[in-house]
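Here is the structure we will look at.
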Amino acid sequence: MHELNFPSQINYKIYGHPLHVILDKIGIAAIIFTFIWVLLRSVDFIADALSKKPRYTSDKNSGQLVVFFRDFFKVIIGIIGVLFIIKFCFNQSIGNLFTGLSIVGAALALAARESLENLIASFIIFFDKPFTTGDSLKVNAVSGTVEKIGLRSTRIRTAEKTLVTVPNKQMVDSVVDNLSIRSHSRAEIKIELSVATSTTKIKEFIAQVKKLLLSEKLISRSSKSPTILYHS
52 MHELNFPSQI NYKIYGHPLH VILDKIGIAA IIFTFIWVLL RSVDFIADAL SKKPRYTSDK
112 NSGQLVVFFR DFFKVIIGII GVLFIIKFCF NQSIGNLFTG LSIVGAALAL AARESLENLI
172 ASFIIFFDKP FTTGDSLKVN AVSGTVEKIG LRSTRIRTAE KTLVTVPNKQ MVDSVVDNLS
232 IRSHSRAEIK IELSVATSTT KIKEFIAQVK KLLLSEKLIS RSSKSPTILY HS
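And the structure:
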């Protein structure tokens, strides 16, 4: 609002700043917030529209990529919004701001190092695809199903229904055992027999069980045949 059009009777100063200047800055901030809000909602709308397309609903890797880049662009838009507020509401040069930050650059680098490493690791996960959302895996002492892969961490739902958050850098640096893409699954079944069962009956039982297992199409024959052991 121009000073010539602002009533001088109410043009008070607040902390040394004229009221009309403060109102101008509030108006600019409101415009910036509205613009950023529209951009964020647009990103959500586009991501939601893409996620409902058959190409993305049938391929969980593509759907996961949509969620990842949705979050990534929202962070970028948020950072740009903060820079705009600093530039137009506080009259601070962005270049001077980064120059000033270089004074404490070492401290900021240490503080942001882990976040940056996790962000880079998230890109490695998305493009290398050692696992995707919905996979059952084991990493270090954590076993469960991947619920979300974010910009900083991966969330795993365990068998106890707890939600474990693992930093993406740790997911990349650790040995990940992806149980969802294994070719076969090993099963160990124990059957108890009466101590009065004769040796002949036990041998007949073992032969019948082995014959039954070999007749099943789902039993793998590429490695060892089913092994049946008897322990007294």
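In this text, residue positions in the sequence shown follow my numbering: the first is 52, and each later residue adds one.
Every residue, glycine too, gets a C-beta built ideally from N, C-alpha and C.
Open item on the list: Using the Cβ count rule (16 or more neighbours within 10 Å means buried), how would you classify Glu54?
Closed with: Walking along the sequence shown from the start, residue 54 turns up at place 3. Because Glu54 carries a pLDDT of 49, less than 50, the predicted location of this residue cannot be relied on, and the following value inherits that uncertainty. Result: exposed.
- [ ] Quick one: grab the DSSP three-state call for Val226.
- [x] Residue 226 sits at position 175 when you count from the first residue of the sequence shown. It is coil, neither helix nor strand.
TODO: Would you give the residue range spanned by the alpha helix (DSSP H) that Val246 belongs to?
DONE: Here residue 246 is taken as the residue at index 195 of the sequence shown, counted from 1. Taken as a continuous stretch (DSSP letters only), Val246 belongs to no alpha helix (DSSP H), as it is neither H nor E.
Task: Cβ-Cβ distance between Val94 and Phe124 below 8 Å - done: In the sequence shown, the residue the question calls residue 94 occupies position 43. In the sequence shown, the residue the question calls residue 124 occupies position 73. It is a contact, given that the beta carbons lie within the stated cut-off.
TODO: Would you check if the region 217-224 and the region 234-241 touch, i.e. whether three or more CB-CB distances between them fall below 8 Å?
DONE: no
Open item on the list: Can you find the residues in the same chain that come closer than 6 Å, C-beta to C-beta, to Ser231, ignoring five residues on each side of it along the sequence?
Closed with: For this step, residue 231 is matched to residue 180 along the sequence shown. Once the five neighbours on either side are set aside, the close Cβ partners of Ser231 are Asp186, Ser187.
- [ ] Find the nearest neighbour of Ile26 within the set Ile79, Phe84, Phe120, judged by alpha-carbon distance.
- [x] Since the first and last residues shown for the chain are 52 and 283, residue 26 lies out of range.
- [ ] Compute the distance between the beta-carbons of Ile200 and Ile171, then report whether it is under 8 Å.
- [x] For the purposes of this step, residue 200 is taken as the residue at position 149 of the sequence shown. For the purposes of this step, residue 171 is taken as the residue at position 120 of the sequence shown. No, Cβ-Cβ distance for Ile200 and Ile171 is not below 8 Å.
- [ ] Please classify Ser166: does DSSP put it in a helix, a strand, or coil?
- [x] Residue mapping note: residue 166 aligns to position 115 of the sequence shown, counting from 1. Residue state, collapsed to three classes: helix.
Task: Glu255, DSSP secondary structure in three states - done: For this step, residue 255 is matched to residue 204 along the sequence shown. Glu255: helix per DSSP, three-state reduction.
Task: 6 Å CB neighbourhood of Leu264 in its chain, flanking five on each side removed - done: Residue numbering aside, residue 264 sits at position 213 when the sequence shown is read from its first letter. Counting only Cβ-Cβ distances below 6 Å, and skipping sequence neighbours, we find Ile270, Pro277.
Task: Rounded C-alpha distance that separates Val260 from Val197 - done: In the sequence shown, counting from the first residue as 1, residue 260 sits at position 209. In the sequence shown, counting from the first residue as 1, residue 197 sits at position 146. Computed Cα separation, rounded: 37 Å.
TODO: Apply the 10 Å Cβ neighbour rule to Asn142 and answer buried if 16 or more other Cβ atoms are within range, or exposed otherwise.
DONE: Within the sequence shown, the letter at position 91 stands for residue 142. The residue is exposed, with fewer than 16 neighbouring Cβ atoms inside 10 Å.
Open item on the list: How far does the beta strand (DSSP E) with Glu198 in it extend, from its first residue to its last?
Closed with: To locate residue 198, count along the sequence shown from 1; it is residue 147. Note, Glu198: beta strand (DSSP E), 193-200.
Open item on the list: 8 Å is my cut-off, CB to CB: does Asp95 come that close to chain D?
Closed with: Protein chains in the displayed structure number just one, and chain D is not present.
TODO: Mark Asn169 as exposed unless 16 or more other C-beta atoms lie within 10 angstroms of its C-beta, in which case mark it buried.
DONE: Translated into the one-based positions of the sequence shown, residue 169 becomes position 118. The residue is buried, with at least 16 neighbouring Cβ atoms inside 10 Å.
TODO: Report all residues from its chain with a CB closer than 7 Å to the CB of Glu211; omit the five preceding and five following residues, and keep chain order.
DONE: What you label residue 211 is simply residue 160 of the sequence shown in a count that begins at 1. Excluding residues within five positions, none has a Cβ falling inside 7 Å.
Open item on the list: For Thr205, list the residues DSSP reports as bridge partners.
Closed with: Within the sequence shown, residue 205 is the residue found at index 154, counting from 1. Paired residues: Ile200, Val217.
Open item on the list: Classify Val133: buried if its beta carbon has 16 or more other beta carbons within 10 angstroms, exposed otherwise.
Closed with: Position 82 of the sequence shown, counting from 1, holds the residue named residue 133. With fewer than 16 Cβ atoms within 10 Å of its Cβ, Val133 is classed as exposed.
Task: Collapsed DSSP secondary structure at Leu280 in the structure displayed - done: As a working note, residue 280 is residue 229 in the sequence shown. In the structure shown, Leu280 sits in coil (DSSP, three-state: anything other than H, G, I, E or B).
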